[in-house]
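Quick note on the working numbering: the sequence shown kicks off at 1289 and runs consecutively.
Positions of the beta carbon are idealized from the N, C-alpha and C atoms, including for glycine.
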Amino acid sequence: MRAVLLNTFVRLKKSRVTRDFFHHPSPPRRDPMALPRRIYLYWDSGLDSAPELVRCCVSSWRAQNPGWEVEVLDQQAADRHLPRADLPETLSTAHYSDLLRTRILQEHGGVWADATSLCTRPLDDWLPQIFCQCGLFLFSAPAEDRAISNWFIAAVPGHPLVGRWHEALVTHWGDAGARKTYFGSHHLFEALTRYDPECRRLWAETPALSANPPHLLQRCLTGKQEVTEANLNILRATPVHKLTYKKDIGVGELRRLLQRFATGATGPGGRA
């Protein structure tokens, strides 16, 4: 798989459209105020038909960030940014979403959050301190085979690494002979930051925060982790959390566990 992605990277590097990128001077460090105060979420069929967990997650972004504009895109709204009809019919919704987020952030900047991510602290409480260093932020190393998570991305408009990432995705998904995998977007990002010197430098400047704490809430809700006091402390300190609608996570159970953040109670047997 990585050999296929590396071939995609090599074709991009040799292309006339992207050749100048590799010799372009590095942009100056960004002011945190350059981050547009807009949060993008996407649910193709619209929020009215979304699972209750998704609606709860979207509400959390609005409640925690009253000074931000929260834009929930259905497919009609998403098509204004990236017409799906222009893409291969075989492109899955997940892969379309990978393209959509990089297109939007490259053109407009702001924050992308998956519709199954939950916000429990205002962005203004933590993101500016991280973001001001380089104009880009993603959580790192959710698994041994992935360098990043892409369910939460903050970027200034025109960030060169986001632009290169989007170009690589367009090339890869448009190649009928390329092998398509669910985490292809993650592996392409890794190829860029490993084999391209400028992308590697830009990524090295980005603060590294592990993606593991943001997945702890999901593991507690699905019984894979105990709700110990130590884990409650991690959950309290974690500003955003990645959930999933594909597993049986009830909103009532989620709200009870969120209440334990405040009380510190572990509950009977120490499990969620």
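So the candidates are the options; which of them puts its Cα closest to the Cα of residue i?
i	options	result
glutamine 1364	Thr1459, Cys1345 and Trp1331	Trp1331
arginine 1488	Leu1497, Asp1402, Leu1476 and Thr1404	Leu1476
alanine 1518	Thr1408, Phe1549, Cys1345 and Thr1510	Phe1549
serine 1428	Leu1335, Leu1388, Thr1510 and Glu1493	Glu1493
valine 1528	Asp1412, Leu1388, Gly1397 and Glu1377	Asp1412
histidine 1503	Leu1520, Leu1531 and Asn1521	Leu1531
histidine 1474	Leu1323, His1460 and Pro1485	His1460
isoleucine 1418	Glu1359, Ser1405 and Leu1497	Leu1497
cysteine 1407	Thr1381, Arg1524 and Leu1424	Arg1524
proline 1501	Gly1472, Ser1405, Thr1469 and Tyr1533	Ser1405
proline 1485	Ile1537, Leu1449, Tyr1328 and Ser1337	Leu1449
alanine 1322	Arg1452, Pro1416, Lys1534 and Asp1463	Pro1416
arginine 1544	Ile1522, Val1515 and Lys1534	Val1515
alanine 1388	Pro1339, Pro1410 and Gly1451	For the sequence presented, residue 1388 should be read as leucine rather than alanine. Closest option to leucine 1388, Cα to Cα, is Gly1451.
glutamine 1547	Lys1535, Leu1505, Lys1534 and Asp1536	Leu1505
Taking the continuous alpha helix (DSSP H) assigned at residue i, which residues delimit it?
i	result
cysteine 1345	1340-1352
tyrosine 1483	1472-1483
arginine 1452	1448-1462
leucine 1563	Nothing can be reported for residue 1563: it is not among the residues displayed for the chain, which extend from 1289 to 1560.
isoleucine 1522	1517-1525
Contact check, residue i vs residue j under 8 Å by CB: the rounded distance?
i	j	result
arginine 1343	leucine 1370	24 Å between Cβ atoms; not a contact.
alanine 1443	leucine 1520	Between leucine 1520 and alanine 1443 the Cβ distance is about 32 Å, and since that is not below 8 Å, they are no contact.
leucine 1457	aspartate 1386	6 Å
glycine 1398	isoleucine 1327	7 Å
valine 1360	leucine 1335	5 Å
alanine 1403	tyrosine 1470	So it is not a contact: roughly 17 Å between Cβ atoms.
Starting from residue i, trace the beta strand (DSSP E) in both directions and tell me its first and last residue.
i	result
glycine 1398	1398-1401
valine 1528	1528-1530
cysteine 1508	Note, cysteine 1508: premise wrong, no beta strand (DSSP E); alpha helix (DSSP H) at 1501-1509.
isoleucine 1327	1326-1330
leucine 1361	1357-1361
On the three-pair Cβ rule with 8 Å, is the segment 1438-1445 touching the segment 1509-1527?
no
Is the segment 1368-1386 close to the segment 1343-1355, with three or more CB pairs under 8 Å?
no
Mind listing, in chain order, the continuous beta strand (DSSP E) runs of no fewer than 3 residues lying wholly within the segment 1385-1427?
1398-1401 and 1405-1407
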